[in-house]
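K.L.:
In my numbering, the protein residues as written are 2 to 596.
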């Protein structure tokens with residue numbers, strides 16, 4: 002069977018992905034049914050076609066189970082924190098605090114999902130933005146489906162520099178370091194390998210800076226189209242000035258920080274700077290819409306929008322004092338501070354990731370695959386520490402604590418079935434290497450590369466996105482494909498750092514649709530069983546993000562002229578101009594109707 006030609010092997014390698022897309026997205030099976038099927042199919046292909054040893058398949062599955070337990074730990078902590086705030090009643094203060102900034106749901110989505118979510122991504126990664134932003138949005142009155150969609154759409158621009166630069170410093174670095182061709186290029190450029198890695202990071206920030214600026218605009222347009230009473234893109238586009246302002250408030254500082262400080266801080270500090278710019282500007286009424294937009298009455302919501310996480314969404318008109326608001330927000334401030342400290346303070350990070358507090362199994366069944374869990378480093382532990390502090394801060398009763406624990410446990414059980422099959426399926430897929438064949442993702446990428454040749458930069462981000470969709474991680478996608486992308490660039494005469502950067506950008510965009518993130522985010526708001534509907538709503542933004550970045554990559558390589566790069570970038574430029582024109586018209590309609 003390994004003697005099959007590359008096109009046939011690539012098509013076979015595509016089957017696990019096709020299974021997920023068919024049953025999860027097209028047929029809308031719940032993940033708890035689709036993922037066990039995908040796992041079985043992947044195991045059969047690995048064993049029967051790839052000749053992957055049984056011990057290696059078993060080891061990959063065990064590694065996947067450990068990773069799933071880590072994710073479930075984060076889910077439990079995130080949901081428990083929200084349920085704790087709900088039980089003590091202070092979630093209403095947070096809700097009213099956002100209403101005092103702006104009652105407009107579009108504006109709230111920009112501040113919470115885009116800016117606060119990007120800050121959490123910069124500090125923690127691990128899907129923490131969705132675990133924090135999605136439940137928080139539900140708590141202030143968003144439908145569960147809307148909360149998950151906007152939380153996932155922003156899982157793009159900040160991801161390449163998430164967890165203090167891990168996708169670059171670990172992902173790209175692991176893929177490229179020690180490779181003879183890379184070292185030869187670095188020497189010919191007369192720079193150090195560290196400087197070359199920073200150059201890739203700066204290039205990544207440049208692509209994200211151009212494409213990512215429009216993410217808030219696309220996000221609010223999707224919000225009003227899918228979840229508005231009129232189902233209109235225009236109502237979201239009506240706040241085009243505010244959305245672009247919020248986009249630039251993050252992407253400009255992010256680019257400056259990438260150039261000055263390196264990959265660790267563009268998302269972490271860039272989002273913080275953005276919050277410091279946008280929140281005061283919002284309070285001052287800058288770029289604010291003339292008419293307040295909100296969701297339909299809850300009784301009119303589609304059943305698909307609703308999750309099992311319930312929070313009293315009735316309006317509470319009384320203004321919240323500054324002291325009360327600070328107290329209500331203190332758990333999230335504690336989480337943010339602890340995430341920053343545990344990721345940036347070297348002695349603290351060294352202790353919580355040390356062997357003394359790490360659970361692991363090296364070389365499982367002699368396969369060369371290892372797994373580990375660092376419970377003190379996971380965001381789930383930080384959530385639990387914060388919850389314990391909440392018991393004291395809010396002087397919670399035993400009944401309140403029991404109620405929050407019970408509700409969170411039920412959510413955890415709902416997420417478990419999907420994740421304990423989804424993650425092992427991914428690990429078998431990416432650890433399928435045998436004596437005859439490279440692992441399935443590499444064979445799939447080889448097949449794609451044979452189709453595109455010199456047009457490779459256009460599809461390079463899509464390969465990164467496929468890697469993230471499969472692996473659930475920009476970091477792992479970069480580990481898998483960075484050197485492959487480097488080699489493709491040399492083969493077609495493209496600038497290697499640009500093509501590797503496109504890989505990282507596409508890997509970040511792939512987080513919008515990766516099964517891990519979708520199940521993970523859905524679990525935090527009790528939306529399990531509707532994962533396919535979520536992916537249907539985030540698939541087009543992900544593809545647009547990747548193709549726009551790919552067009553820019555071709556433009557970088559070929560320059561302006563009669564070439565595909567110019568055509569693709571021109572297409573997206575015209576599309577964005579058209580969206581803004583529609584926004585201007587919608588804004589005028591809002592002004593006319595409010596006057």
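Note that beta-carbon positions come from the ideal geometry of N, C-alpha and C, so glycine has one too.
Since this is a predicted model, take the numbers as computed values, not measurements.
1) Thinking C-alpha only, which one of 481, 243, 328, 8 is nearest residue 291?
2) Write down the C-beta distance between residue 172 and residue 480 rounded to the nearest angstrom, noting that I regard them as a contact closer than 8 Å.
3) What residues match up with residue 374 in a beta bridge as DSSP calls it?
4) Whole angstroms are fine: how far does the CA of residue 361 sit from the CA of residue 354?
5) Count the other CB atoms within 10 Å of the CB of residue 586; is the residue buried (16 or more) or exposed (fewer)?
6) For my contact list, residue 509 and residue 564 are in at a C-beta cut-off of 8 Å; report their separation, rounded to the angstrom.
7) Considering only C-alpha positions, which residue in the set 159, 96, 144, 154 is nearest to residue 1?
8) Give a yes or no on whether 8 Å exceeds the smallest Cβ distance from residue 333 to chain D.
9) Note down, in chain order, each residue of its chain lying with its Cβ closer than 8 Å to the Cβ of residue 279, except the 5 sequence neighbours on either side.
10) Roughly how many angstroms lie between the CA atoms of residue 181 and residue 502, to the nearest whole one?
11) Starting from the C-beta of residue 62, find all residues in its chain whose C-beta is less than 7 Å away, skip the five residues before and the five after it, and write them out in chain order.
12) From residue 512 to residue 520, what distance separates their C-alpha atoms?
13) Whole angstroms are fine: how far does the CA of residue 258 sit from the CA of residue 594?
14) What are the start and end residues of the alpha helix (DSSP H) that includes residue 151?
15) Taking a contact to mean a Cβ-Cβ separation below 8 Å, would you say residue 135 touches residue 148 in this structure?
16) Relative to the C-alpha of residue 342, which residue among 269, 300, 305 is closest?
17) Extract the residue ranges of the alpha helix (DSSP H) inside the stretch 369-431, only unbroken runs of 4 or more that lie entirely within it.
18) Under 8 Å, do residue 500 and residue 439 count as touching if we go by C-beta distance?
19) Can you tell me where the alpha helix (DSSP H) with residue 196 in it begins and where it stops?
20) Determine the DSSP secondary structure at residue 529, reduced to helix, strand or coil.
21) Counting only the same chain and skipping the five closest in sequence on each side, list residues whose C-beta sits under 6 Å from that of residue 114.
22) Identify whether residue 317 lies in helix, strand or coil by the three-state DSSP scheme.
23) Is residue 180 helix, strand or coil when you go by DSSP?
24) Hey, residue 349 and residue 383: beta-carbon distance below 8 Å or not?
25) List the whole-angstrom C-beta distance separating residue 570 from residue 459, where the pair is believed to meet the contact cut-off of C-beta under 8 Å.
26) Can you give me the start and stop residues for the alpha helix (DSSP H) that residue 101 sits inside?
27) May I ask you to report which of helix, strand or coil DSSP gives residue 438?
28) Tell me which residue opens and which closes the alpha helix (DSSP H) that residue 463 is part of.
29) When you compare only the Cα positions, how much space is there between residue 456 and residue 484?
30) Here's the rule: buried if 16 or more other CB atoms are within 10 angstroms of the residue's CB, otherwise exposed. What is residue 451?
31) So the alpha helix (DSSP H) residue 508 belongs to, where does it begin and stop?
32) Considering only residues of the stretch 6-78, which uninterrupted alpha helix (DSSP H) runs meet the minimum length of 4 residues and lie entirely inside it, listed in chain order?
P.N.:
This is what the structure holds:
1) 243
2) 5 Å
3) 360
4) 12 Å
5) exposed
6) That belief does not hold up - the Cβ atoms of residue 509 and residue 564 are roughly 26 Å apart, past 8 Å.
7) Within the shown structure, residues of the chain are numbered from 2 to 596, placing residue 1 beyond reach of any answer.
8) In summary, chain D is missing from the structure at hand, where a single protein chain is found.
9) 111, 112, 116, 246, 247, 250
10) 19 Å
11) 425, 428, 429
12) 12 Å
13) 42 Å
14) 145-154
15) yes
16) 269
17) 380-394, 399-431
18) no
19) 194-212
20) coil
21) 134, 151, 152, 155
22) Low confidence applies here, because residue 317 scores a pLDDT of 49, under 50, leaving its location unreliable; read the following figure in that light. Here residue 317 sits in coil by DSSP.
23) coil
24) no
25) About 11 Å; that fails the 8 Å criterion.
26) 92-102
27) coil
28) 457-472
29) 18 Å
30) exposed
31) 497-510
32) 7-21, 32-49
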